[in-house]
Amino acid sequence: MTYPWHLYLMASFYIMAGILHFIQPKMYKRIMPNYLPKHDLLIGLSGVSEMILGFTVCMPPFKNFSIYAIIVMLSIFLLVHFYMLQNETTVIKIPKWILFLRIPLQFVLMYWAYSYIQL
């Protein structure tokens, strides 16, 4: 089945984001909330999850499950975004307005994923 090019674009974003978890783990470790345990494990699991979901969202038997999983994953990542807003030591030279902008961006990304359910 052929999907629109923008689904493949979304898939590539998640695959690249997942790879970044392994290329720059220190960046992700710095933004992990203190109340979450085993930061290294969680960073690795989220990176692997993003890569798997990026690949499987383009596979017809897994597409809808992957879309819902992406939405759940983005919802969980909101914890990190709120933590970054509250804890200024996690961010280096990122303006506060960008941190605020990331919150609605998560919902835009969720909607983007959800828009492919009917395909």
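Here the sequence shown stands for residues 0 to 118, where the numbers follow numbering that gives the first Met the number 0. From the three backbone atoms N, C-alpha and C, an ideal C-beta is built for every residue, glycine too.
| Query | Result |
| --- | --- |
| Backbone CA spacing between residue 69 and residue 14 [nearest angstrom] | 12 Å |
| Touch test, the segment 9-27 against the segment 38-47, Cβ-Cβ under 8 Å, three pairs minimum | yes |
| Residue range of the alpha helix (DSSP H) that includes residue 55 | 38-55 |
| CA-to-CA distance, residue 58 to residue 8, given in whole angstroms | 14 Å |
| Three CB pairs or more closer than 8 Å across the segment 28-37 and the segment 74-83 | yes |
| Cα-Cα separation, residue 2 to residue 10 | 11 Å |
| Whole-Å CB distance - residue 48 paired with residue 72, under 8 Å assumed | 6 Å |
| Contact under 8 Å by Cβ, residue 16 with residue 66 | no |
| 8 Å Cβ cutoff met for residue 6 and residue 110 | no |
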